[in-house]
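For what it's worth, our numbering labels the leading residue of the sequence shown as 13, then goes sequentially. Where a beta carbon is used, it is the ideal one built from N, C-alpha and C, also for glycine. Only a predicted model underlies this, so the values are computations on that prediction, with no experimental measurement involved.
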Amino acid sequence: MFDIEKKHYDEDGFCVLKGFFNQQEIDTLKDNINEFIELDARKLDGRDINYVDGEINSIHSLHKGDNYFTKFAAKESVKKAAEVLLDAKAELRGAELFAKPAKIGLPSPMHQDNFYWCVKGNNALTMWVALDYCNKENGGLTYYRGSQKLGLLNHVDSHAPGSSQKVEDKYLNQLGDAAAVTPSVEPGDVLVHNSLMIHGSSANKSMKSRRGFTMQFKDANSGYDKEMEKHYESRLIEQVQTRQEGS
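Here it is, written out as structure tokens:
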């Protein structure tokens, strides 16, 4: 199971699980996201939620508490896929919504997830569940194929809400435009990428929404690099404070 996807994940740094969730699962997931937004989003601030023109652009705390989203991530099918790709026992470390609303959805600069997460050994991944049809037109995810083989790279402040760090441009120039690929996915498809994969997305200027629900897993036997965490936290806190002072 997942033999072809595992090959792509190891070689390219990402893979696509086509039709991984059925329409009923996606509809229920969207209903629960909408309910969370209606009942709980107003309680969030700072690092946990970002807005654009009064609309939610991203939520970064869906995994907190024993809720629908942690149960969704505990599905046997999800756990199996994560463990095959990680070659390890998988542990949930986070769940987020990247709403990127139509016409105004914010871009996400090119980055590596583990610069944010600080997992020792870098054995971690993101499962990005498409809630809408997503492609280059409406700000779909762009990957730099094979970039996970470069290891963890230096990042600099981006000042982008929801994605505070970005890789230095020299690495993108090194890889070249030919390495960049933006998969087209439909609701229920799942993009899975290595925590060292360089990826990001453009602004959504289209008339279509581009929602993605993410689940982040790491090797259950891997801890966190405390020094890396301290550095990342200091940069994030400064940027959040700057945004709040300017609002």
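Q. Between the C-alpha atoms of L187 and S159, what's the straight-line distance to the nearest angstrom?
A. Within the sequence shown, residue 187 is the residue found at index 175, counting from 1. Within the sequence shown, residue 159 is the residue found at index 147, counting from 1. Using only the alpha carbons, I get a separation of about 8 Å.
request  = From the DSSP output, read off the bridge partner residues of W140.
outcome  = As a working note, residue 140 is residue 128 in the sequence shown. For W140, which the question treats as bridged, DSSP gives the partners L203 and T226.
Exercise. Apart from the five residues just before and just after N166, which ones in its own chain have a Cβ nearer than 7 Å to its Cβ?
Worked result: Taking the sequence shown and counting its residues from 1, the one referred to as residue 166 is at position 154. Answer for N166: E180, listed in chain order.
| task | With a cut-off of 8 Å on the beta carbons, I'd call L97 and V204 a contact; round off their distance for me. | result | By one-based count along the sequence shown, residue 97 stands at place 85. By one-based count along the sequence shown, residue 204 stands at place 192. Right, their Cβ atoms sit about 6 Å apart.
Assign G152 to buried or exposed, taking buried as 16 or more other Cβ atoms, counted over all protein chains shown, within 10 Å of its Cβ. The count along the sequence shown starts at 1 and reaches residue 152 at position 140. Buried, by the Cβ-count rule.
### Query
Alpha carbon to alpha carbon, what distance is there between K76 and G106?
For the purposes of this step, residue 106 is identified with residue 94 of the sequence shown, where counting begins at 1. For the purposes of this step, residue 76 is identified with residue 64 of the sequence shown, where counting begins at 1. So the two alpha carbons sit approximately 8 Å from each other.
Rounding to the nearest angstrom, what Cα-Cα distance links F81 and F225 in this structure? Taking the sequence shown and counting its residues from 1, the one referred to as residue 81 is at position 69. Taking the sequence shown and counting its residues from 1, the one referred to as residue 225 is at position 213. Their Cα atoms are separated by approximately 10 Å.
Could you tell me which residues DSSP pairs with H171 in its beta bridges?
Translated into the one-based positions of the sequence shown, residue 171 becomes position 159. According to DSSP, which records beta bridges pairwise, H171 is partnered with nothing at all.
Hey, which unbroken runs of the beta strand (DSSP E) at 3 residues or more fall wholly within the segment 35–123?
61–64, 67–71, 102–110 and 120–123
Roughly how many angstroms separate the alpha carbons of V90 and D201, rounded to a whole number?
-> Numbered from its first residue, the sequence shown carries residue 90 at position 78. Numbered from its first residue, the sequence shown carries residue 201 at position 189. Each residue's Cα considered, the two are about 12 Å apart.
| field | Unbroken beta strand (DSSP E) run spanning F26, endpoints | value | Indexing the sequence shown from 1 puts residue 26 at position 14. It spans F26 to L29 - the beta strand (DSSP E) in which F26 sits, taken as one unbroken run.
_Neighbour-count burial assignment, G117, 16 or more Cβ in a 10 Å radius_ = Numbered from its first residue, the sequence shown carries residue 117 at position 105. Counting Cβ neighbours within 10 Å, G117 comes out buried, since at least 16 surround it.
Residues in the same chain with beta-carbon distance under 7 Å from E108, minus the five sequence neighbours each way, listed in chain order, please. Here residue 108 is taken as the residue at index 96 of the sequence shown, counted from 1. Excluding residues within five positions, the ones whose Cβ falls inside 7 Å are S70, I71, H72, L74 and T226.
(request) Can you give me the start and stop residues for the alpha helix (DSSP H) that L184 sits inside? (result) Taking the first residue of the sequence shown as 1, we reach residue 184 at position 172. Where L184 is concerned, the enclosing alpha helix (DSSP H) stretches over D181 to L187.
Helix, strand or coil for K220? Go by DSSP, reduced to three states.
Stepping through the sequence shown from its first residue, residue 220 is reached at position 208. Note: K220 maps to coil in three-state DSSP.
Checklist entry - Is it the case that the Cβ atoms of V141 and D231 are separated by a distance below 9 Å? => result Along the sequence shown, one-based indexing puts residue 141 at 129. Along the sequence shown, one-based indexing puts residue 231 at 219. No; because the gap between Cβ atoms is not below 9 Å, this pair is not in contact.
* Residue closest to D40, alpha-carbon to alpha-carbon, out of K83, E23 and D169 -> Along the sequence shown, read from residue 1 onward, the residue named residue 40 stands at position 28. It is worth fixing the name first, because residue 40 is Thr in this sequence and not Asp. When each option's Cα is compared against that of T40, the closest is K83.
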